[in-house]
Amino acid sequence: MVHIEDIVIRVILVLATSFLFGVVLLTYIRIRSRKMLLISFGFGIFFVHALIYIPPLFIEEYSAILSENVHLLIHLVALTFIALGMLKD
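Here the numbering used here is used: the first residue of the sequence shown is 911, the next is one more, and so on.
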């Protein structure tokens with residue numbers, strides 16, 4: 911059974927991530943640098959991850975596919991792109 915708190919938390923997560931991704935993407939469009947491209951790519955991965963994280967609430971088969979290790983791997987990849995963007999001169 912899906913609790914309403916789970917749905918609310920995940921919708922808020924998607925909204926917050928989409929806001930951050932939107933700000934970073936608009937910054938990239940304005941500046942057009944490789945640094946901002948890497949950072950916006952990292953936030954894009956977080957945004958897609960937030961969208962993918964919603965269906966397991968309703969479809970039980972997704973829970974088996976998206977294990978905790980997959981979530982950690984997605985976070986690691988996204989944070990790597992953000993860190994590369996920050997360290998880029």
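Note that beta-carbon positions come from the ideal geometry of N, C-alpha and C, so glycine has one too. These numbers come from a predicted model, not from an experiment.
Under a three-way DSSP split, which group does residue i fall into?
{"i": "F951", "result": "helix"}
{"i": "V987", "result": "helix"}
{"i": "R940", "result": "helix"}
{"i": "V912", "result": "coil"}
{"i": "K945", "result": "helix"}
Going straight from the alpha carbon of residue i to that of residue j, what length do you get?
{"i": "G995", "j": "R942", "result": "13 Å"}
{"i": "I851", "j": "F956", "result": "For the chain, the structure presents residues 911 to 999; residue 851 sits outside this window and is missing."}
{"i": "M946", "j": "L961", "result": "22 Å"}
{"i": "S977", "j": "P966", "result": "10 Å"}
{"i": "R920", "j": "N979", "result": "19 Å"}
{"i": "F929", "j": "I939", "result": "15 Å"}
{"i": "H985", "j": "L925", "result": "18 Å"}
Grab the span of the alpha helix (DSSP H) containing residue i for me, first residue to last.
{"i": "Y963", "result": "Note, Y963: premise wrong, no alpha helix (DSSP H); not H, not E."}
{"i": "L976", "result": "Counting along the chain, L976 falls outside any alpha helix (DSSP H), and DSSP gives it neither H nor E."}
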